[in-house]
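Down below is the structure, laid out as structure tokens.
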Amino acid sequence: MALLPGVATQPFEGALSMEENSLFVANRFAGDHFVREWTVPHPSGSGEPVRRRVCVGVDGSGAAQGALRQVHQDVFYRALRMWAEKGASLVEDLHGHTRGLLDVSAYHLVMGIRGGASSRNYERVQELLGDLARIEVEISNAYTWQETGDVLRCKLLGGVLWRTRRRDPESGVPLSGERASVQVTFSREVTKAFGEGAFKTMLAPTYEELGSKGQGATSEVARLLYPYLADYLSRYGMYEGRLAELEERFGFAKTGNKSREFRRFEKAIAVLQDKTILGGLYRLRVSLRETRNGKGHVLVVRRVGHDPRAFFSEEELRRYDAEYWGV
């Protein structure tokens with residue numbers, strides 16, 4: 001039996017980072033909740049690994065609630081962007097906690113999230129916002145085999161209140177100046193993370209450029225990959241990861257087939273090529289190579305400045321030129 005990896009004895013305060021922890025999974029994910037465990041470096045640089053666990057869709061009693069899928073990601077980020085564009089208003093709840101509040105007409109909310117105001121779009125937005133206010137997220141860091149520290153348990157939204165237009169009690173006609181409106185309250189954890197600079201990658205226009213009509217599957221894969229890669233490349237210059245591991249991370253059904261695995265990511269990778277990250281300071285250079293055993297593929301992503309020579313050593317620059325320009 002394989003031994004569990006050693007884990008750190010020095011605790012540190014956890015933080016809600018959806019980009020790093022990938023809380024959203026594929027739209028066709030078949031499970032009623034999602035759990036993933038892996039090891040991450042200790043931020044102190046001590047060399048001790050920390051075992052990270054993410055669980056999405058299990059309530060305090062252990063009952064499954066459903067997973068947060070990529071379609072939820074779109075709704076959440078668009079609501080967050082609307083809140084930021086309207087000045088990121090804050091309110092204090094009954095317990096004295098600060099929460100973000102988006103107060104907007106129902107029409108503008110649905111148009112901003114779905115791009116159309118049909119009754120079906122209203123129903124879909126209500127459903128997806130309701131999920132974001134209902135489904136629980138738990139991120140934990142384990143330090144010993146016996147104990148777990150830094151457990152963060154929250155929901156992404158604190159609540160959603162839909163208000164219909166008030167009507168004249170006798171005629172039933174809507175009162176003049178009345179509008180149907182929505183109040184979306186962000187959880188205190190999301191509000192705190194936003195105040196500390198999180199989610200900036202998602203508020204940039206690039207996220208919405210990652211797909212168009214008729215590119216459903218391509219857009220889905222690209223939008224799942226982009227936040228994760230942008231977050232990773234904010235700390236490191238290059239990312240390498242097997243496609244099979246990315247399938248598992250984002251809840252895709254395992255193909256078990258090298259060619260099918262390649263086809264799932266191929267078009268999304270083309271969409272990500274040269275997209276900007278970190279406020280436009282860098283662009284993505286994306287490529288695929290075979291694994292050493294030839295049974296799979298590895299995704300290789302570099303962050304490249306507008307002038308690559310400003311960010312690479314001479315040796316790195318020679319490899320860069322040979323790989324991308326054939327010189």
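Counting from 1, position 279 in the sequence shown corresponds to residue 279 in my numbering; the numbering is continuous, with no gaps.
Even for Gly, the Cβ is constructed at its ideal location relative to N, Cα and C.
_Complete alpha helix (DSSP H) runs within the stretch 11-88 (minimum length 4 residues, chain order)_ = 18-21 and 70-85
*asked:* Looking at glutamine 65: is its Cβ nearer than 8 Å to the Cβ of phenylalanine 24?
replied: no
*Where does glutamine 126 fall in DSSP's three states?*
helix
_Which of the three DSSP states is assigned to phenylalanine 186 in this structure?_
strand
*asked:* Looking at the secondary structure, which residues open and close the alpha helix (DSSP H) in which glutamate 261 lies?
replied: 258-272
_Per DSSP, cross-strand counterpart(s) of threonine 276_ = Arg283
*With 16 other CB atoms within 10 Å as the buried threshold, where does serine 22 fall?*
buried
*asked:* Excluding the 5 residues flanking arginine 223 on each side, which residues of the same chain have their C-beta closer than 8 Å to its C-beta?
replied: Gln70, Gln73, Asp74, Tyr207, Leu210 and Gly211
*Check whether valine 104 and isoleucine 113 have beta carbons under 8 Å apart*: no
*Identify the continuous alpha helix (DSSP H) that holds histidine 108 and give its terminal residues.*
106-114
*Return helix, strand or coil for leucine 229, following the three-state DSSP convention.*
helix
*asked:* Only counting the same chain, and skipping five residues up and downstream in sequence, which positions put a Cβ closer than 8 Å to that of glutamine 146?
replied: For glutamine 146, the predicted model reports a pLDDT of 49, less than 50, meaning its position is unreliable and no value from the coordinates is stated.
*If you count every other CB in all the chains shown that lies within 10 Å of the CB of valine 271, and 16 or more means buried, which is it?*
buried
_Neighbour-count burial assignment, leucine 129, 16 or more Cβ in a 10 Å radius_ = buried
_Among Glu48, Gly62 and Gly195, whose alpha-carbon lies nearest the alpha-carbon of glycine 87?_
Gly195
*How is the beta strand (DSSP E) around glutamate 247 delimited, first residue to last?*
Taken as a continuous stretch (DSSP letters only), glutamate 247 belongs to no beta strand (DSSP E), being part of the alpha helix (DSSP H) at 243-249.
*Touching or not, the stretch 230-239 and the stretch 291-303, by the rule of three or more beta carbon pairs under 8 Å?*
yes
*glutamate 196 lies in the beta strand (DSSP E); which residues open and close that run?*
Unbroken run through glutamate 196: none, as it is neither H nor E.
*Who are the near neighbours of valine 40 in its chain, counting only those whose CB is closer than 6 Å to its CB and skipping five residues on each side?*
Val50 and Arg52
_For a quick check, are the C-beta atoms of tyrosine 282 and glutamate 19 less than 8 Å apart?_
no
*serine 234 by DSSP, collapsed to three states: which one?*
coil
_Could you tell me the alpha carbon to alpha carbon distance between valine 151 and cysteine 55, rounded to whole angstroms?_
11 Å
*List the whole-angstrom C-beta distance separating leucine 157 from valine 184, where the pair is believed to meet the contact cut-off of C-beta under 8 Å.*
6 Å
*What residues match up with threonine 206 in a beta bridge as DSSP calls it?*
Threonine 206 pairs with nothing; no bridge assigned.
*Taking the alpha-carbon positions, what's the arginine 390 to leucine 233 distance?*
Nothing in the structure corresponds to residue 390, since the chain is present only between 1 and 327.
*Using 10 angstroms around the beta-carbon of histidine 95, count the other beta-carbons present and answer buried if the total reaches 16, otherwise exposed.*
exposed
*Leaving out five residues before and five after arginine 78 in sequence, what residues of the same chain have Cβ atoms less than 8 Å from its Cβ?*
Gly112 and Ile113
*Nearest to valine 221 (by Cα), restricted to the options Asp231, Pro205, Tyr122 and Leu246*: Leu246
*asked:* Could you compute how far the alpha carbon of methionine 187 sits from the alpha carbon of arginine 28?
replied: Per the sequence shown, the amino acid found at residue 187 is serine instead of methionine. Their backbone Cα atoms lie some 27 Å apart in a straight line.
*If we call anything under 8 Å between Cβ atoms a contact, is leucine 101 one with valine 110?*
no
*Between which two residues does the beta strand (DSSP E) containing phenylalanine 92 stretch?*
It should be pointed out that residue 92 corresponds to glutamate in this sequence rather than to phenylalanine. Residues 90-92.
*Skipping 5 residues on each side, what residues in its chain have a beta carbon closer than 6 Å to that of valine 190?*
Leu156
*asked:* Classify glycine 279: buried if its beta carbon has 16 or more other beta carbons within 10 angstroms, exposed otherwise.
replied: exposed
*Identify the residues that DSSP records as bridge partners of histidine 95: which are they?*
Histidine 95 is not bridged to any residue.
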